[in-house]
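The opening residue of the sequence shown carries number 217 in the working numbering; numbering runs sequentially from there.
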Amino acid sequence: MKISDLIVPGVITVFSFIVIYLSLQLDLSPPMIVGDSMQPRAFPIFLMIINLILVGLLTYQFYQSPPDSIPLEPFQTWGSIILLVIFYGMTTGVDFFVAIAVVMFLMCILWGEKRILVALSASLVTPILIFVLFDQVLQIRFPRGLLLDWYYG
């Protein structure tokens with residue numbers, strides 16, 4: 217096992233401990249608001265503990281069978297990174313739901329979906345379901361944007 221094989225697990229471990237430390241800095245909420253056992257800090261700490269367990273398994277797997285050298289990432293990987301930057305710009309500039317629809321459609325096409333109708337339907341149904349779940353069921357409002365200004369009035 218090479219030292220370079222430990223870079224990714226090391227970065228993930230450091231990140232996990234930073235998140236746990238920052239989560240422990242959160243104030244405790246009164247029990248009447250969140251109940252006796254669930255605090256705002258519990259969820260990120262729980263996720264990072266799972267993360268650390270998975271990093272341990274990853275390191276063990278690297279030790280058992282070291283990975284082969286990999287070639288340069290294909291265009292789809294770099295295209296996805298660019299689409300995530302576009303998603304951020306569209307979310308802040310236009311609307312969250314428009315950004316999801318556009319980026320999902322382009323991501324489907326980028327990764328080789330030949331059926332335009334399938335890509336289009338997936339990119340339109342997903343934001344609608346997200347909106348219904350959060351706005352109608354959980355009653356959580358999204359930041360205003362092009363479509364949400366029209367919807368909320």
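Even for Gly, the Cβ is constructed at its ideal location relative to N, Cα and C.
All figures in this text were calculated on a predicted structure; none of them were measured in a lab.
Approximately 6 Å separates the beta-carbon atoms of Leu336 and Phe321; this is inside 8 Å, confirming the contact.
For Val334, the enclosing alpha helix (DSSP H) starts and ends at 332 to 347. Here the region 253 to 269 lies against the region 227 to 235, with 3 or more beta-carbon pairs under 8 Å apart. Secondary structure of Trp294 (DSSP, three-state): helix. Going by C-alpha positions, Cys324 is about 24 Å away from Ile286. About 6 Å separates the beta carbons of Leu362 and Val314, which is inside the 8 Å limit, making them a contact pair. DSSP places Asp365 in the uninterrupted alpha helix (DSSP H) bounded by 362 to 368.
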